[in-house]
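Throughout, our numbering is defined as the position within the sequence shown, counted from one, plus 3. Glycine included, C-beta positions come from ideal geometry on N, C-alpha and C. What follows is a set of notes on a single structure, which appears directly below.
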Amino acid sequence: MTAQLKRELGLFTCVLLVIGNIIGVGIFTTPGEIAKGLPTGGWILVAWLVGGLMTMAGALTYAELGAMFPRAGGNYVFLKEAYGDLLAFLYGWAYALVTTSGTIALLALGFAEYLGIAGGSWTSKIFSIVVIVVLTFLNARDLKLGAGVMDFITSLKVVAMAALVLFGFAIGKGNAGAFHPFLTGDVTGPIGAILAALVPMAFTYSGWNSTVIVAEEVKNPE
Numbered sequence: 004m005t006a007q008l009k010r011e012l013g014l015f016t017c018v019l020l021v022i023g024n025i026i027g028v029g030i031f032t033t034p035g036e037i038a039k040g041l042p043t044g045g046w047i048l049v050a051w052l053v054g055g056l057m058t059m060a061g062a063l064t065y066a067e068l069g070a071m072f073p074r075a076g077g078n079y080v081f082l083k084e085a086y087g088d089l090l091a092f093l094y095g096w097a098y099a100l101v102t103t104s105g106t107i108a109l110l111a112l113g114f115a116e117y118l119g120i121a122g123g124s125w126t127s128k129i130f131s132i133v134v135i136v137v138l139t140f141l142n143a144r145d146l147k148l149g150a151g152v153m154d155f156i157t158s159l160k161v162v163a164m165a166a167l168v169l170f171g172f173a174i175g176k177g178n179a180g181a182f183h184p185f186l187t188g189d190v191t192g193p194i195g196a197i198l199a200a201l202v203p204m205a206f207t208y209s210g211w212n213s214t215v216i217v218a219e220e221v222k223n224p225e
């Protein structure tokens, strides 16, 4: 008999899991780089819309796969079902040792930088390591405890971003000059820039597939 993980994650926690993974360092670091390559504010909005639509297509696909194979592992499970053990094995190790570890390190360093800790300093590195160790311990110690901490942190992110938007509308003193012209007549250059912008944008939107990784711990995944 194959042992299974406890299904303790509800819809609310799963939604916050996805939101918390998407609202990471990327949204605060990549918009400036994306905007520099586009000629007008209108094309910047178009670029984000294209990236969002591509993300939505991927999310809907993963939702179907997660319901079909509600087991822990995400892409590992899907690759194993489609292509066999070898490719899934290679992907699993690459994901664990390269993709995930690198992303976690980047997020922790970005968190330290936003707290005002000088980037690249030993203080920043030690702080980042401590954050990673503490959060890893909380998630390994108890699923509900880790989920509760994540729910709290994600709620803070959402409240902070909502407050930023509201205060921007309430006390902002900008002008609409950046949006004139809204779209340029020549679309060849902007389209090429949008395609180039999709690379950092993929990092910004990353995290939309988080729930399928823990599908075996989700209540009623279907």
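Which two residues bound the contiguous alpha helix (DSSP H) that contains residue i?
| i | result |
| --- | --- |
| A62 | G44 to M71 |
| S158 | L146 to I174 |
| Y94 | D88 to A97 |
| S104 | S104 to Y117 |
| G40 | Taken as a continuous stretch (DSSP letters only), G40 belongs to no alpha helix (DSSP H), as it is neither H nor E. |
| L19 | L14 to I25 |
| T214 | S213 to I216 |
| F31 | G29 to T32 |
Between the alpha carbons of residue i and residue j, how many angstroms are there, rounded?
| i | j | result |
| --- | --- | --- |
| I135 | A205 | 23 Å |
| T64 | L56 | 12 Å |
| V49 | I197 | 8 Å |
| N212 | I120 | 31 Å |
| R10 | A111 | 28 Å |
| M4 | N24 | With a pLDDT of 45 at M4, under the threshold of 50, the modelled position of that residue is not reliable, and no figure is offered here. |
| T3 | L68 | No answer is possible for residue 3: the residues shown for the chain start at 4 and end at 225. |
| F31 | A108 | 16 Å |
| F170 | I22 | 22 Å |
| N142 | E84 | 28 Å |
| A173 | G195 | 36 Å |
| I129 | T187 | 47 Å |
| L167 | L93 | 43 Å |
| L52 | A199 | 14 Å |
| H183 | V137 | 48 Å |
| F15 | N178 | 38 Å |
| L145 | F155 | The question names Leu, but residue 145 in the sequence shown is Asp. Between D145 and F155, the C-alpha separation is close to 16 Å. |
So, under 8 Å CB-CB, residue i and residue j are touching, yes? Tell me the CB distance rounded to an integer number of Å.
| i | j | result |
| --- | --- | --- |
| P193 | L41 | 6 Å |
| T214 | C17 | 5 Å |
| M153 | L20 | 6 Å |
| I47 | A60 | In fact, because the Cβ distance is near 21 Å, the residues do not count as touching under 8 Å. |
| G54 | L201 | 6 Å |
Determine the contact status of residue i and residue j, defining contact as a CB-CB distance below 7 Å.
| i | j | result |
| --- | --- | --- |
| E225 | L8 | no |
| A91 | L82 | yes |
| T43 | T207 | no |
| A115 | S131 | yes |
| G45 | F140 | no |
| I26 | K176 | no |
Only counting the same chain, and skipping five residues up and downstream in sequence, which positions put a Cβ closer than 7 Å to that of residue i?
| i | result |
| --- | --- |
| L12 | A150, V217, E220, V221 and K222 |
| T58 | Y208 and W211 |
| K147 | E11 |
| S124 | none |
Keeping to the same chain, check which residues put their C-beta closer than 6 Å to that of residue i; ignore five residues upstream and five downstream.
| i | result |
| --- | --- |
| G113 | V28 |
| G80 | The displayed chain sequence assigns Val, not Gly, to residue 80. For V80, where only same-chain residues beyond five positions count, the Cβ hits under 6 Å are F72 and R74. |
| A62 | W211 |
Residues in the same chain with beta-carbon distance under 8 Å from residue i, minus the five sequence neighbours each way, listed in chain order, please.
| i | result |
| --- | --- |
| G95 | G76 and Y79 |
| Y98 | N78 and Y79 |
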